[in-house]
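These notes are about the structure you will find just below.
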Amino acid sequence: MSQNGSNNFVTVRIQRYNPEVDKKPRLQEYQVKLKAGMTVLDALHEIKTHHDGSVTFRRSCRHGICGSCAMNINGRNTLACETPLKDEVDSRGRVTIRPLPYLPVIKDLVVDRTTFWEQYLRVKPWLVPPDNIPEKEFRMSPEEVEALHSAETCIMCGACYSSCTVIGLNKRYIGPHALLKAFLRVLDPRDAAPGERLADIAGADGVYRCHTVFNCIDACPKGLNPTQAIETLRKLAQKRQKFEAARRERQQHLSEPISVK
Ligand code: FES
């Protein structure tokens, strides 16, 4: 693996930067012994525990659920806890880890996600229920559930957001993560505000700002497709009033059994 004479060591290069004391970022190298099943996050823990306690990164669940360990590994945004270290070692025995791009660095691999969460709140990510809430349950068809499935497994890690070149130029753009959430709510037959949502995301910073570069699809560690969701929202925004009327009609029948063909 490494060129230090041992096949079992990997050179992990971490971008170090403390804006309060450093003039610019630098790469610092650490030698980590490769163990079976080791992830990039395991390597970071090893470094922090045994080499340098000042290395700073976020993590929580270690199982690809919380999204907090998203970072840039060998030039690709992904989750450190789901990335096997051995798969990332280049021909020189090195792995390079940087913070997510386009976001201000707080320290080392920790970025300031303020704009990410501001844009998320901007699309009102909560469900707006109809007035006639069924006494027992909402009844949805398998097709309606399937349409939501393509968006509901998002873990809000920020990998798509910080791979988006539009975000790199313009932080006013709502961004793929929030538009995917808007898609989830607009397509949900239980939601009573699809017209308002479609009007909001059709503005200057919304769906028409997307350049369809597909970086968000490549970056998503859950295999989701924000670009397709944005495309669907564009089409629905063009027939917003018709869609709103269809939703009102659909919500008259939310408590009725669905016939499965
Ligand atoms: S630590 Fe939670 S997704 Fe990696």
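Under the working numbering, residues 16 to 276 are what the sequence shown spells out, in order.
The beta carbon of each residue, even a glycine, is placed where N, CA and C say it ideally should be.
Using the Cβ count rule (16 or more neighbours within 10 Å means buried), how would you classify residue i?
i	result
H78	exposed
E152	exposed
I80	exposed
K280	The shown model of the chain, from 16 to 276, leaves out residue 280, and the question about it has no answer.
G218	exposed
K257	exposed
E35	exposed
F131	buried
C76	exposed
R113	buried
G20	Note that G20 scores 42 on pLDDT, short of 50, meaning its location in the model is unreliable and no value can be drawn from it.
K196	buried
P99	exposed
Q267	exposed
Y32	buried
Could you give the first and the last residue of the continuous alpha helix (DSSP H) run that contains residue i?
i	result
E103	100–103
L15	There is no way to answer for residue 15, as the model of the chain reaches only from 16 to 276.
K250	241–253
E167	157–167
N185	Element bounds for N185: n/a, residue is neither H nor E.
L199	191–201
Y135	129–137
Thinking C-alpha only, which one of the options is nearest residue i?
i	options	result
N92	V36, V120, C231	C231
V296	C76, K50, P34, P40	In the structure as shown, the chain begins at 16 and stops at 276. Residue 296 is therefore absent and cannot be evaluated.
G210	L94, G183, R263	R263
R205	C76, D57, E259, M53	E259
L199	Y188, R187, R212	R212
P191	Y32, L269, T242, Q43	T242
Y188	G221, P236, L118, T54	G221
M53	L42, V27, G68	V27
P236	S69, H164, L94	L94
A244	C225, R255, R113, A234	C225
D102	R74, A208, S69, V55	V55
Hey, residue i and residue j are a contact pair by Cβ (cut 8 angstroms); roughly how many whole angstroms apart?
i	j	result
S177	P140	At roughly 19 angstroms, the Cβ-Cβ gap does not stay under 8 angstroms, so S177 and P140 are not in contact.
K154	E271	Looking at the sequence provided, one finds Arg at residue 154 rather than Lys. Their Cβ separation, rounded to whole angstroms, is 6 angstroms, which keeps R154 and E271 in contact under 8 angstroms.
L239	A166	7 angstroms
L194	I216	6 angstroms
L248	V201	7 angstroms
Q46	I29	Going by Cβ atoms, the distance from Q46 to I29 rounds to 12 angstroms, so no, they are not a contact pair.
For the beta strand (DSSP E) holding residue i, just list the boundary residues, first then last.
i	result
K122	120–122
Y32	No beta strand (DSSP E) holds Y32; DSSP gives it neither H nor E.
A85	85–88
N92	91–94
Problem - Contact the segment 142–158 vs the segment 104–123: 3+ CB pairs below 8 angstroms - result: no
Handout entry: contact_flag[the segment 152–165, the segment 95–112] where n(CB pairs < 8 angstroms) is 3 or more
Key = no
Problem - At least 3 beta-carbon pairs within less than 8 angstroms: the segment 85–105 vs the segment 170–188 - result: yes
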